[in-house]
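Beneath this line is the structure, given in structure tokens, with notes to follow.
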Amino acid sequence: MMKTSCLLLLLMIGFSLSPAYAAGIRKDVDEYAGSRCNTPAKGSGIVAGYFSGVTDNPIVSSDGFVPVDRFRCFKSMDECRGWLYTMESLYGSPPPRATKCTRF
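Here the sequence shown stands for residues -22 to -1, 1 to 82, where the numbers follow mature numbering (1 follows the signal peptide of the UniProt record, and there is no 0).
Below, the structure is given as structure tokens:
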């Protein structure tokens, strides 16, 4: 009975903590999220995201890699990190050259 109670308690603790880990990066951010922008002014609070990678999409280019460079502005760091997650999921093979979110 004691072992069952301990096991049940550990399972309940584990399930209660798992949403905190899953909530670390948003996975619902679109490739075209944010807005196009120039480098924001310091102190503006705007978050800028930069992604630089390549794609080997045969529809775009049949003989090699095509560069994928994106610079977008966001209202929150969470949205920017979610956007980077999406970009790495879409254009992550081979690994991207640069991925970064910066608050200005």
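Even glycine gets a Cβ: it sits at the ideal position worked out from N, Cα and C.
Small disclaimer: the values here were computed from a predicted structure and weren't measured.
Counting C-beta pairs with one atom in each stretch, the region 45 to 54 and the region 6 to 24 have three or more that are closer than 8 angstroms, which means they touch. Of the candidates Tyr10, Gly21, Ala11, Gly70, the residue whose Cα lies closest to the Cα of Val32 is Gly70. A residue is called buried when at least 16 other Cβ atoms come within 10 angstroms of its Cβ; Leu62 meets this threshold and is buried. Cα atoms of Pro74 and Glu66: separation of roughly 7 angstroms, rounded to the nearest angstrom. The beta carbon of Thr64 is closer than 6 angstroms to those of Val7, Glu9 in its chain, skipping five residues each way along the sequence. Contact check for Ala11 against Phe82 fails: the beta carbons are separated by 8 angstroms or more.
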